[in-house]
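Novice: Protein chains in written order, with our numbering: chain Z, 1 to 154; chain X, 1 to 455. There's a structure below that I have some questions on.
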Amino acid sequence: MNHAVIAETTFNTSLTSIGRPPRGPIHKVLVSFSAAYFTGAFVTDLAYWHVPDVLWERFSIWLITAGLIMAGLAAIAFVFDVASDRLIDEPAWPRAVGYAIAVLLSLANAFVHSRDGYTAVVPLGLTLSALVVIVLLLTAWVGMALANRHRVGG
Amino acid sequence: MMHGLTNARPRKLARGLVVLSVAATSLALVGCDDHGGDPTKQIGANPVLPSLQQYLVPPIRIAKAVGWGDETPTVPQGLQVQALATGLEHPRSLYVLPNGDVLVIESNGPKAPIFRPKDIITGWVQWFAGAKAKDANRITLIRNGNGDGVPELRTVFLDHLNSPFGVALVGHDLYVANTDAIVRYPYQDGQTSITAPGTKLTDLPGGPIDHHWTKALLASPDGSKLYVGVGSNSNIGENGIGAEYERAAIWEVDRASGAHRIFASGMRNPTGLQWEPETGKLWAIANERDEIGPDLVPDYLTSVQDGGFYGWPYSYYGQHLDPRIVPQRPDLVATAIAPDYALSSHVAPLGVAMYTGTELPANYRGGAFVSEHGSWNRTPLNGYKVVFVPFSGGKPSGPAQDVVTGFLDANNHARGRPVGLAMDRSGALLIADDVGNTVWRVSSARPDSPPKPGS
Numbered sequence: 001m002n003h004a005v006i007a008e009t010t011f012n013t014s015l016t017s018i019g020r021p022p023r024g025p026i027h028k029v030l031v032s033f034s035a036a037y038f039t040g041a042f043v044t045d046l047a048y049w050h051v052p053d054v055l056w057e058r059f060s061i062w063l064i065t066a067g068l069i070m071a072g073l074a075a076i077a078f079v080f081d082v083a084s085d086r087l088i089d090e091p092a093w094p095r096a097v098g099y100a101i102a103v104l105l106s107l108a109n110a111f112v113h114s115r116d117g118y119t120a121v122v123p124l125g126l127t128l129s130a131l132v133v134i135v136l137l138l139t140a141w142v143g144m145a146l147a148n149r150h151r152v153g154g
Numbered sequence: 001m002m003h004g005l006t007n008a009r010p011r012k013l014a015r016g017l018v019v020l021s022v023a024a025t026s027l028a029l030v031g032c033d034d035h036g037g038d039p040t041k042q043i044g045a046n047p048v049l050p051s052l053q054q055y056l057v058p059p060i061r062i063a064k065a066v067g068w069g070d071e072t073p074t075v076p077q078g079l080q081v082q083a084l085a086t087g088l089e090h091p092r093s094l095y096v097l098p099n100g101d102v103l104v105i106e107s108n109g110p111k112a113p114i115f116r117p118k119d120i121i122t123g124w125v126q127w128f129a130g131a132k133a134k135d136a137n138r139i140t141l142i143r144n145g146n147g148d149g150v151p152e153l154r155t156v157f158l159d160h161l162n163s164p165f166g167v168a169l170v171g172h173d174l175y176v177a178n179t180d181a182i183v184r185y186p187y188q189d190g191q192t193s194i195t196a197p198g199t200k201l202t203d204l205p206g207g208p209i210d211h212h213w214t215k216a217l218l219a220s221p222d223g224s225k226l227y228v229g230v231g232s233n234s235n236i237g238e239n240g241i242g243a244e245y246e247r248a249a250i251w252e253v254d255r256a257s258g259a260h261r262i263f264a265s266g267m268r269n270p271t272g273l274q275w276e277p278e279t280g281k282l283w284a285i286a287n288e289r290d291e292i293g294p295d296l297v298p299d300y301l302t303s304v305q306d307g308g309f310y311g312w313p314y315s316y317y318g319q320h321l322d323p324r325i326v327p328q329r330p331d332l333v334a335t336a337i338a339p340d341y342a343l344s345s346h347v348a349p350l351g352v353a354m355y356t357g358t359e360l361p362a363n364y365r366g367g368a369f370v371s372e373h374g375s376w377n378r379t380p381l382n383g384y385k386v387v388f389v390p391f392s393g394g395k396p397s398g399p400a401q402d403v404v405t406g407f408l409d410a411n412n413h414a415r416g417r418p419v420g421l422a423m424d425r426s427g428a429l430l431i432a433d434d435v436g437n438t439v440w441r442v443s444s445a446r447p448d449s450p451p452k453p454g455s
């Protein structure tokens, strides 16, 4: 992630100034997928909390794992997007930081969900899943708000 | 204006991400800096039980399997050790027939299903530790008629079994406990190979999960009953309580009808059963639960009470509750029996032999040998040896003594790992080694004894 972000700024400034026509970014789609997976895990965690059937816990850990794989692919795609001069939503950094927090929390959550038995979900796993959803929502909201301001202000 | 913004951005971003990654790393390290205490505090009737902890990253500390080369295990002065058979395929347990022939059960568990990403990681860990050997599904017979420890005969005794572990002979009926059934075969004295088809006595809880697959077997002295150690289907109920039906228990099977009842329950994985010779009571070794600390929960050796409940999964060592199992069962926990003798945590006892012979020196007469396969989730490693628990008046009477060691080399790599134990006809102790693929024979040292093979 580190590299991806640093690369973004360098390439973005240097390449946009050359003036190639911008195309849609690939990483955005992958980010949406991972956000959906993480949110799904929160839902299956709630189900497990309600009825502690191991099936819900298994859904959760696979959803979190899938979300993390998508996040890894999104990071690669982000580098590619920047390198190939695709349009990145501006400003990028609040989204990047928010998303990075959500992914790191989800990584911790994957370990918690790999515990055996009830404490794989309740209370810490469920809490982390909820936090991830909150962080993702905040990130989206802040991102949109700032994008609007940019548009209005620019 | 845009350019001014972008110049400030990378530094801010980099700083934020560094802070985040440091936070995440330190969070992960909390789980790693976690060493187990002195195992001797957890040996005996009153083990010290620390408070329970839950990990973010559970510790994995495995001994890489390297084999013996020219080395042999280490025994105290007065004893000697030699290889009775080498080049076996994952020998797990041993049984000595009345004529002295030794049966070596070469076996491994069925393929574990993948329910969670964790199961994939566990598979890699087991492969690294040499536990993923092919399942030979066979019993090899070794004959050493003159008792010198050099076999005259080695044949395939029984083949095409299904993850066999326990064996018991009653008269001319030989019972093999496969992972999913007890099968009876006709056996004549001196027979070196059985080709007759087996007859199923009863089904046992097997697949599709079959987490703890070994089925220990012991016949009652009068031959009317068979006792079967049936391990749990999970570490701590993570496969659902429905998967634990009639598991984590010792079964009593009627030999005539095949009918069974639960003799004792709440034992997570009872891997070895023996009759205590003085009192005639049933004793068992059991493997306790993982992932709540390097010193929880101690594995144990215990007498088994008819109808007794030993805690799993709801509690351990009596009424110590395990929060990982919901809903709890206070009614059961109230009745939970604390085991008699702790062996310390994560040693993984997989073989027990009450010593009734006279071959070994006097200090080993009256007591139980226990093989400790060794830990994989504790730092530092624990087990990887065969210990002797002295008994007096039908009960353990002192601390466990190391008898056979050297399974770990100086780099903490595993040359071998001890599993099944048996006493041969002469009274020597036999040890199955499923990483060294050897059967070791421990006897009294004699000045005129033959030199160790390979040295």
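All residues carry an ideal CB built from backbone N, CA and C; glycine is no exception. These figures come from a predicted structure and were not determined experimentally.
Report the rounded CA-to-CA distance for Gly78 (chain X) versus Gly198 (chain X), giving the unit in angstroms.
Specialist: 43 Å
Novice: DSSP three-state call for Arg149 (chain Z): helix, strand or coil?
Specialist: Arg149 (chain Z): helix per DSSP, three-state reduction.
Novice: Determine the contact status of Ala219 (chain X) and Val170 (chain X), defining contact as a CB-CB distance below 9 Å.
Specialist: Taking 9 Å as the cut-off, the beta carbon of Ala219 (chain X) is found closer than this to the beta carbon of Val170 (chain X).
Novice: Residues of chain Z with a CB under 7 Å from the CB of Leu56 (chain X): which are they?
Specialist: Ala108, Phe111 and Val112
Novice: Under a three-way DSSP split, which group does Ser60 (chain Z) fall into?
Specialist: Here Ser60 (chain Z) sits in helix by DSSP.
Novice: Closer than 8 Å by beta-carbon distance: list the chain X residues that pair up with Thr39 (chain Z), in chain order.
Specialist: Per Cβ cutoff of 8 Å: no residues; Thr39 (chain Z) is ~19 Å from chain X at best.
Novice: Mind checking whether Gly44 (chain X) and Tyr355 (chain X) have CB atoms under 9 Å apart?
Specialist: no
Novice: Consult DSSP for Tyr118 (chain Z) and reduce its assignment to one of helix, strand or coil.
Specialist: In the structure shown, Tyr118 (chain Z) sits in a helix (DSSP, three-state: H, G or I).
Novice: Of the choices Z:Gly67, Z:Tyr99 and Z:Asp81, whose alpha-carbon is the least far from that of Ala36 (chain Z)?
Specialist: Z:Gly67
Novice: How about Leu429 (chain X) and Ala353 (chain X): do their beta carbons lie closer than 9 Å?
Specialist: Taking a C-beta distance under 9 Å as the contact criterion, Leu429 (chain X) and Ala353 (chain X) qualify as a contact pair.
Novice: How big is the Cα-Cα spacing for Ile250 (chain X) and Phe59 (chain Z)?
Specialist: 33 Å
Novice: Taking Asp203 (chain X) as the reference, give the member of X:Asp119, X:Val439, X:Ser303 and X:His260 with the closest Cα.
Specialist: Closest option to Asp203 (chain X), Cα to Cα, is X:His260.
Novice: With 9 Å set as the bound, which would you pick, yes or no: does the beta-carbon of Glu238 (chain X) sit closer than that to a beta-carbon of chain Z?
Specialist: True, the Cβ-Cβ gap to chain Z drops below 9 Å.
Novice: Looking only at its chain, what residues have a beta carbon closer than 6 Å to the beta carbon of Gly366 (chain X), apart from the 5 residues adjacent to it on each side?
Specialist: So the list reads Phe391, once near-sequence residues are dropped.
Novice: Touching or not, the segment 63-75 of chain X and the segment 312-322 of chain X, by the rule of three or more beta carbon pairs under 8 Å?
Specialist: At 8 Å Cβ cutoff, the stretches do not touch.
Novice: Anything in chain Z within Cβ reach of Val326 (chain X), meaning under 7 Å, just list it in chain order.
Specialist: Pro52 and Tyr118
Novice: Kindly examine the ligand MG and report whether one of its heavy atoms sits closer than 8 Å to the Cβ of Thr40 (chain X).
Specialist: Within the structure as shown, the ligand MG is missing, as the structure has no ligands at all.
Novice: Strictly under 9 Å for the Cβ-Cβ distance: is Val122 (chain Z) near chain X by that measure?
Specialist: yes
Novice: Assuming the contact rule is C-beta atoms closer than 8 Å, Ser345 (chain X) and Gln126 (chain X) should be a hit. Round their C-beta distance to whole Å, please.
Specialist: Their Cβ separation, rounded to whole angstroms, is 20 Å, which puts Ser345 (chain X) and Gln126 (chain X) out of contact at 8 Å.
Novice: Enumerated in chain order, which unbroken segments of the alpha helix (DSSP H) with a length of 4 residues or greater are wholly contained in the segment 324-397 of chain X?
Specialist: 330-333
Novice: Span of the beta strand (DSSP E) holding Val31 (chain Z)?
Specialist: Unbroken run through Val31 (chain Z) is the alpha helix (DSSP H), His27 to His50; no beta strand (DSSP E).
Novice: Taking one C-beta from the segment 323-331 of chain X and one from the segment 393-410 of chain X each time, how about it: are there three or more such pairs within less than 8 Å?
Specialist: no
Novice: Kindly give me the distance between the Cβ atoms of Thr119 (chain Z) and Pro323 (chain X), rounded to whole angstroms, as I take these residues to be in contact under 8 Å.
Specialist: 6 Å
Novice: Contact defined as beta carbons within less than 8 Å: I believe Asp434 (chain X) pairs with Arg417 (chain X). What is the distance between those atoms, to the nearest angstrom?
Specialist: 6 Å
Novice: First and last residue of the alpha helix (DSSP H) that includes Trp475 (chain X)?
Specialist: The structure shown does not extend to residue 475 (chain X), since chain X is modelled only from 1 to 455, so the question has no answer here.
Novice: When you compare only the Cα positions, how much space is there between Asp119 (chain X) and Leu124 (chain Z)?
Specialist: Approximately 21 Å between the Cα atoms of the pair.
Novice: If the cut is a Cβ gap below 8 Å, which residues of chain Z does Ser234 (chain X) touch?
Specialist: Asp116
Novice: At a cut of 8 Å, does the segment 47-64 of chain Z reach the segment 234-243 of chain X through at least three beta carbon pairs?
Specialist: yes
Novice: Taking a cut of 8 Å between CB atoms, which residues from the segment 59-79 of chain Z lie near chain X?
Specialist: Ile61, Trp62 and Thr65
Novice: To which residues does DSSP link Ser107 (chain X) through a beta bridge?
Specialist: None, per the DSSP bridge assignment.
Novice: Report the three-state DSSP secondary structure of Leu84 (chain X) (helix, strand or coil).
Specialist: Reduced to three states, the DSSP call for Leu84 (chain X) is strand.
Novice: Is it true that the segment 251-270 of chain X meets the segment 371-384 of chain X, where meeting means three or more beta-carbon pairs spaced less than 8 Å apart?
Specialist: No, the segment 251-270 of chain X does not touch the segment 371-384 of chain X.
Novice: In angstroms with no decimal places, state the Cα-to-Cα distance between Gly436 (chain X) and Val96 (chain X).
Specialist: Gly436 (chain X) and Val96 (chain X): Cα-Cα distance of roughly 21 Å.
Novice: How should Gly266 (chain X) be labelled, buried or exposed, when 16 other C-beta atoms within 10 angstroms of its C-beta is the threshold for buried?
Specialist: buried
Novice: How should Glu288 (chain X) be labelled, buried or exposed, when 16 other C-beta atoms within 10 angstroms of its C-beta is the threshold for buried?
Specialist: buried
Novice: Between Thr358 (chain X) and Asn144 (chain X), what straight-line distance do the alpha-carbon atoms span, to the nearest angstrom?
Specialist: 18 Å
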